[in-house]
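K.L.:
There are 2 protein chains.
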Amino acid sequence: MTKLDELIVRRIRNGTVIDHIPGGQSLNVLKILGIRGGEGYTVAMVMNVDSRRLGKKDIMKIEERELAPTEVDRIALIAPEATINTVKNYRVTKKMKVKLPDEIKGILNCTNPNCVSNKYREPVKPSFIVASRTPTLLICKYCGTYITHDEVVAQYALAG
Amino acid sequence: MTKLDELIVRRIRNGTVIDHIPGGQSLNVLKILGIRGGEGYTVAMVMNVDSRRLGKKDIMKIEERELAPTEVDRIALIAPEATINTVKNYRVTKKMKVKLPDEIKGILNCTNPNCVSNKYREPVKPSFIVASRTPTLLICKYCGTYITHDEVVAQYALAG
Numbered sequence: 238m239t240k241l242d243e244l245i246v247r248r249i250r251n252g253t254v255i256d257h258i259p260g261g262q263s264l265n266v267l268k269i270l271g272i273r274g275g276e277g278y279t280v281a282m283v284m285n286v287d288s289r290r291l292g293k294k295d296i297m298k299i300e301e302r303e304l305a306p307t308e309v310d311r312i313a314l315i316a317p318e319a320t321i322n323t324v325k326n327y328r329v330t331k332k333m334k335v336k337l338p339d340e341i342k343g344i345l346n347c348t349n350p351n352c353v354s355n356k357y358r359e360p361v362k363p364s365f366i367v368a369s370r371t372p373t374l375l376i377c378k379y380c381g382t383y384i385t386h387d388e389v390v391a392q393y394a395l396a397g
Numbered sequence: 238m239t240k241l242d243e244l245i246v247r248r249i250r251n252g253t254v255i256d257h258i259p260g261g262q263s264l265n266v267l268k269i270l271g272i273r274g275g276e277g278y279t280v281a282m283v284m285n286v287d288s289r290r291l292g293k294k295d296i297m298k299i300e301e302r303e304l305a306p307t308e309v310d311r312i313a314l315i316a317p318e319a320t321i322n323t324v325k326n327y328r329v330t331k332k333m334k335v336k337l338p339d340e341i342k343g344i345l346n347c348t349n350p351n352c353v354s355n356k357y358r359e360p361v362k363p364s365f366i367v368a369s370r371t372p373t374l375l376i377c378k379y380c381g382t383y384i385t386h387d388e389v390v391a392q393y394a395l396a397g
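If you read the protein sequences in the order shown, they are chains S and R.
Each residue of the first sequence is one higher than the one before, counting from 238 in the numbering used here.
Each residue of the second sequence is one higher than the one before, counting from 238 in the numbering used here.
Following this line, the structure appears as structure tokens:
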């Protein structure tokens with residue numbers, strides 16, 4: 238093992254390990270977490286490695302970062318089978334499996350500008366029914382507009 | 238070493254290893270290479286690990302991908318001390334150190350819309366003098382406009 242490899246595999250003291258991300262989605266997970274590089278977080282990741290369950294998957298370790306519940310919910314939308322382990326003092330203290338609920342409230346906006354959930358005067362929070370989990374397909378509860386996986390990712394990119 | 242770690246450190250059969258990327262710039266290197274995840278390349282990377290030379294650095298391994306000379310030139314603009322190793326059949330067959338030339342021609346556009354290099358009727362290729370290497374600062378040869386590191390990265394993002 239080279240010195241570089243040692244850096245990559247070192248056990249993290251405190252932080253988060255996200256596994257079972259669908260192949261190629263890890264850059265979108267970084268967007269959700271607001272990590273562009275300059276924040277200084279030490280991150281190790283692999284993209285598109287073989288996985289029995291997913292075909293190809295991504296894995297990510299982030300040091301000194303715990304995930305907020307809203308971040309876990311967002312990750313569920315693009316990585317519905319992800320597992321998230323929290324590490325403290327070199328020990329896994331929490332194992333989570335993300336769960337995409339049947340209904341998504343308030344995280345995303347409807348892409349239809351005329352949807353009632355996009356009118357500032359209406360006290361209506363955007364809300365979507367989960368029609369498919371892999372790939373993600375949501376249906377707006379108010380106007381029936383379909384939100385695809387790519388549109389979910391695009392909203393994260395703008396928000397990041 | 239866990240099974241995940243083995244995946245991360247496995248030697249690559251064919252591909253490219255980029256080391257000495259300034260801390261946090263690896264996502265911009267991926268942009269330069271047009272890698273968003275969905276292309277299927279197997280990539281391993283670390284961000285913001287300790288480096289004697291750079292303080293913090295990023296390292297990246299990309300399987301089954303060789304870099305074109307124009308890609309190496311672009312990487313030089315944001316990672317002027319990067320080393321690029323080409324691997325074939327598990328052996329390093331080429332070691333390159335990127336080199337930012339004193340003058341950059343044709344890779345970037347001037348940010349001044351009125352610059353002669355942005356007029357379609359003029360047969361003038363954009364051209365910049367390298368005023369600083371770390372961080373990158375370029376000066377347009379024609380109109381004197383400064384191009385900062387962030388503006389270089391923004392042009393890559395649009396092109397990607």
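By construction, the Cβ of each residue, glycine as well, lies at the ideal position given by its N, Cα and C atoms.
Owing to the predicted nature of the structure, the values given are computational and were not obtained by experimental measurement.
Looking at the secondary structure, which residues open and close the alpha helix (DSSP H) in which S/D310 lies?
P.N.:
Membership of S/D310 in the alpha helix (DSSP H) is indicated by the continuous run P306 to I315.
K.L.:
Using the Cα positions of S/V329 and S/N322, report the straight-line distance between them to the nearest angstrom.
P.N.:
6 Å
K.L.:
Looking only at its own chain, which residues have a Cβ that is under 7 Å from the Cβ of R/Q392, when we skip the five neighbours before and after it?
P.N.:
L345 and N346
K.L.:
The region 270-290 of chain S: which residues have C-beta closer than 9 Å to a C-beta of chain R, in chain order?
P.N.:
I272, R273, G274, G275, E276, G277, Y278, T279, V280, A281, M282, V283, M284, N285, V286 and D287
K.L.:
What's the gap between the Cα of S/V353 and the Cα of S/L374?
P.N.:
20 Å
K.L.:
Residues of the region 349-374 of chain R with a CB closer than 8 Å to any CB of chain S: list them in chain order, please.
P.N.:
none
K.L.:
What span of residues does the alpha helix (DSSP H) with R/S263 cover, start to end?
P.N.:
S263 to I269
K.L.:
Within the continuous beta strand (DSSP E) that includes S/G292, where are the two ends?
P.N.:
Note, S/G292: beta strand (DSSP E), G292 to E300.
K.L.:
If you reduce the DSSP assignment to three classes, tell me which class S/A368 lands in.
P.N.:
strand
K.L.:
Name, in chain order, the residues that DSSP records as bridge partners for R/Y383.
P.N.:
Residue pairing from DSSP places R/Y383 in a beta bridge opposite R/I376.
K.L.:
Verify the CB distance criterion: does S/G397 have a CB-CB separation below 8 Å to chain R?
P.N.:
For S/G397, the predicted structure reports a pLDDT of 45, less than 50, and the residue's modelled location is therefore unreliable. The matter cannot be settled from this model.
K.L.:
Determine, using beta carbons only, whether R/L314 comes closer than 8 Å to chain S.
P.N.:
no
K.L.:
Per DSSP, what kind of secondary structure is S/E224 in: helix, strand or coil?
P.N.:
Shown here, chain S extends from 238 to 397; a query on residue 224 of chain S therefore has no answer.
K.L.:
Please report the straight-line C-alpha distance between S/G397 and R/M282, rounded to a whole angstrom.
P.N.:
The predicted model places S/G397 with a pLDDT of 45, which falls under 50 and marks its position as unreliable, so this point remains unresolved.
K.L.:
Buried or exposed for R/S369, going by 16 or more other Cβ atoms inside 10 Å?
P.N.:
exposed
K.L.:
Compare the beta carbon distance of S/R273 and R/L314 with 8 Å and say whether it is the shorter of the two.
P.N.:
Going by C-beta atoms, S/R273 is not nearer than 8 Å to R/L314.
K.L.:
Quick check: what's the CA-CA separation for S/R250 versus R/N251?
P.N.:
33 Å
K.L.:
Would DSSP call R/N322 helix, strand or coil?
P.N.:
strand
K.L.:
DSSP three-state call for S/V353: helix, strand or coil?
P.N.:
helix
K.L.:
Given this structure, state the Cα-to-Cα distance separating S/M284 from R/P360, to the nearest angstrom.
P.N.:
43 Å
K.L.:
Rounded to a whole number of angstroms, what is the C-alpha to C-alpha distance between R/K268 and S/L304?
P.N.:
26 Å
K.L.:
When the Cα atoms are used, what is the spatial distance from R/E318 to S/I299?
P.N.:
About 25 Å.
K.L.:
Answer yes or no: do R/P259 and R/A316 have a C-beta to C-beta separation smaller than 8 Å?
P.N.:
yes
K.L.:
Check each candidate in R/R289, R/K334 and R/N326 and name the one with the smallest Cα separation from R/P306.
P.N.:
R/K334
K.L.:
Within the continuous beta strand (DSSP E) that includes S/R328, where are the two ends?
P.N.:
R328 to K334
K.L.:
If the cut is a Cβ gap below 8 Å, which residues of chain R does S/G261 touch?
P.N.:
R273, G274, G275, E276 and G277
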